[in-house]
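**Q** Numbering (mature numbering (1 follows the signal peptide of the UniProt record, and there is no 0)), first residue to last: -18 to -1, 1 to 249.
Mind having a look at this structure? Questions to follow.
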């Protein structure tokens, strides 16, 4: 009888030992990248979009330097349709991580604070885009040029879609008709540049499969729209004592289409 009970307990012990323990992790990265498989439906739209996400904690020990924010969402464009209740920036597409230089951490923390939220809704360039919107367009185009991909332009409809997704603070893909990249970080001055860099850094490990990197440089993509949200502790990240910045970017036409990588992603 004793041996019978012991054998019954073995599966439970195995499950307990296999359970990941990440209470003290400072960094999390998704490695399960998936290709998108599109098929036209009767309405001419696309079905079956799949992608992967990743989250990053930047310098959790310095979270005290990051100002507290209320959970809000904001369009990072100059669109007059931006609601007054919106305030911040986020992103989604297919993967992410973060790299933030120590020299720019304080400045980045400001852009992740409520003061940065107000800046995101103001005009920050001669093109009429907000500061964060222009930054993301410039980052995409400079990186895409390295892989023979043309420039992308900003689309306010995509930004509006991204803002709706970002406001949920759930780090989940929408499954909509666009390509989508997601990134999130807390502490250490995490900002939109750090979020974008986490996608770009995936280039070094590209193996022919879908990733955030492949969506960023996808040649057929011509438009982007992004948004951020300041997400309260306990939503995306828990136990860091400060809000996290959630970045979502939408891409049109969507990338990461099975069978089209060779034509759209330069090695």
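Note that CB positions come from ideal geometry on N, CA and C, so glycine has one too.
Which whole runs of the alpha helix (DSSP H) in the segment 112 to 138 are 4 residues long or more, in chain order?
**A** The segment 112 to 138 contains these whole alpha helix (DSSP H) runs: 113 to 127.
**Q** Out of 175, 164, 136, 148, point me to the one whose CA is closest to residue 211's CA.
**A** Considering only alpha carbons, the answer is 148.
**Q** Starting from residue 230 and walking both ways along the alpha helix (DSSP H), at which residues does that stretch end?
**A** Element bounds for residue 230: not the alpha helix (DSSP H) but the beta strand (DSSP E), 226 to 234.
**Q** I'd like to know if the segment 163 to 179 and the segment 236 to 244 are in contact, where contact means that at least 3 CB-CB pairs between them fall below 8 Å.
**A** Counting Cβ pairs under 8 Å, fewer than three are found: no touch.
**Q** Whole angstroms are fine: how far does the CA of residue 221 sit from the CA of residue 115?
**A** Spanning the two alpha carbons is a distance of roughly 30 Å.
**Q** Smallest Cα separation from residue 215: which of 130, 125, 152, 110?
**A** Cα-wise, what sits closest to residue 215 is 152.
**Q** Out of 203, 166, 129, which one is the CA nearest neighbour of residue 217?
**A** When only C-alpha atoms are compared, the closest one is 166.
**Q** According to DSSP, what are the bridge partners of residue 163?
**A** Note: residue 163 sits in a beta bridge opposite 231.
**Q** What residue range does the alpha helix (DSSP H) around residue 245 cover?
**A** Residue 245 -> alpha helix (DSSP H) spans 243 to 246.
**Q** Pull the bridge partners of residue 184 from the DSSP assignment, please.
**A** Its beta-bridge partners do not exist; DSSP assigns none.
**Q** Taking residue 161 and residue 233 to be in contact with their CB atoms under 8 Å, please state how far apart those CB atoms are, rounded to whole angstroms.
**A** The Cβ separation is near 3 Å, so the contact holds.
**Q** Along the chain, where does the beta strand (DSSP E) containing residue 210 start, and where does it finish?
**A** Note, residue 210: beta strand (DSSP E), 205 to 213.
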